[in-house]
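Worksheet: the structure to be examined is printed underneath.
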Amino acid sequence: MHSDDEAQIRALIETWMVATRAGDVEAVMGLMTDDVVFLMPGRPAMSRADSEAAARLRAGGAGPQVDGTSDIQEVQVAGEWAFARSQLSVTVTPPGGAAPPTVRSGPVLTVFRKERGRWLLARDANMLAVQAPPPT
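Take 1097 as the starting number for the sequence shown in the numbering used here and just add one per residue.
Right, here's the structure in full:
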């Protein structure tokens, strides 16, 4: 049972990455609980509504292009709850190449909850930090 749950969670993370890259806000919103909370260094906790508003700004065409990779290092399942530990790297490219891309990377701990037979992202704590550009 746990291996099927783990596979579903890994698929959810991959779907999240693909949908984010494509600017598919509806798909991303469908992967999280109504009470989702995102935690990031130096920022207040972000709710579902905050997350959706930010995603819609990015997806509106005038926003930056977002790309990233997630290296899942661990998935643990305990009943209707699970967590994944991963290393995330996100590249944000401003529209029109107005500025160089910003790369943030670091560890992430994500908590999932099973609702109506589906795993959904419930809490996400990331420690992403801006990476210095390579020397020229």
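From the three backbone atoms N, C-alpha and C, an ideal C-beta is built for every residue, glycine too.
Q: With DSSP as the reference, please indicate the residues paired to Ser1182 in a beta bridge.
A: According to DSSP, which records beta bridges pairwise, Ser1182 is partnered with Ile1168 and Val1204.
Q) Three-state secondary structure (DSSP) at Leu1108? A) Note: Leu1108 maps to helix in three-state DSSP.
Q.
Could you tell me the alpha carbon to alpha carbon distance between Pro1140 and Leu1224, rounded to whole angstroms?
A. Taking the straight line from one Cα to the other gives about 15 Å.
(Q) Using a Cβ-Cβ cutoff of less than 6 Å, which residues in the same chain neighbour Pro1196 once the five nearest sequence positions on both sides are dropped? (A) Excluding its 5 nearest sequence neighbours in each direction, Pro1196 has no C-beta neighbour in its own chain below 6 Å.
Q: With DSSP as the reference, label Asp1131 as helix, strand or coil.
A: Asp1131: strand per DSSP, three-state reduction.
Q: Give the DSSP-derived three-state secondary structure of Ala1115 in the structure shown.
A: Ala1115: helix per DSSP, three-state reduction.
**Q.** Cβ separation of Asp1163 and Arg1106, assumed to be a contact under 8 Å, to the nearest whole Å
**A.** About 19 Å separates the two Cβ atoms, so there is no contact after all.
(Q) Looking at chain D, is there any beta carbon in it that lies within less than 8 Å of the beta carbon of Arg1152? (A) Reference to chain D is not applicable here, since this structure consists of a single protein chain.
Q.
Going by beta-carbon coordinates alone, are Ser1182 and Met1113 separated by less than 8 Å?
A. No, the pair does not count as a contact, with Cβ atoms beyond the cut-off.
**Q.** Simplified DSSP assignment, three categories, for Asp1100
**A.** Reduced to three states, the DSSP call for Asp1100 is helix.
Q: Grab me the residues of Arg1200's own chain with a C-beta within less than 6 Å of its C-beta, minus the 5 sequence neighbours each way, in chain order.
A: Here Arg1200 has Val1186, Leu1224 and Val1226 as same chain residues with Cβ atoms under 6 Å from its own Cβ, once five neighbours each way along the sequence are excluded.
Q: Work out the CA separation of Pro1191 and Gln1172 for me, nearest whole Å.
A: Linking Gln1172 to Pro1191 through their CA atoms gives a straight-line distance of about 38 Å.
Q) For Met1125, which three-state DSSP category applies? A) Collapsing the DSSP output to three states places Met1125 in a helix.
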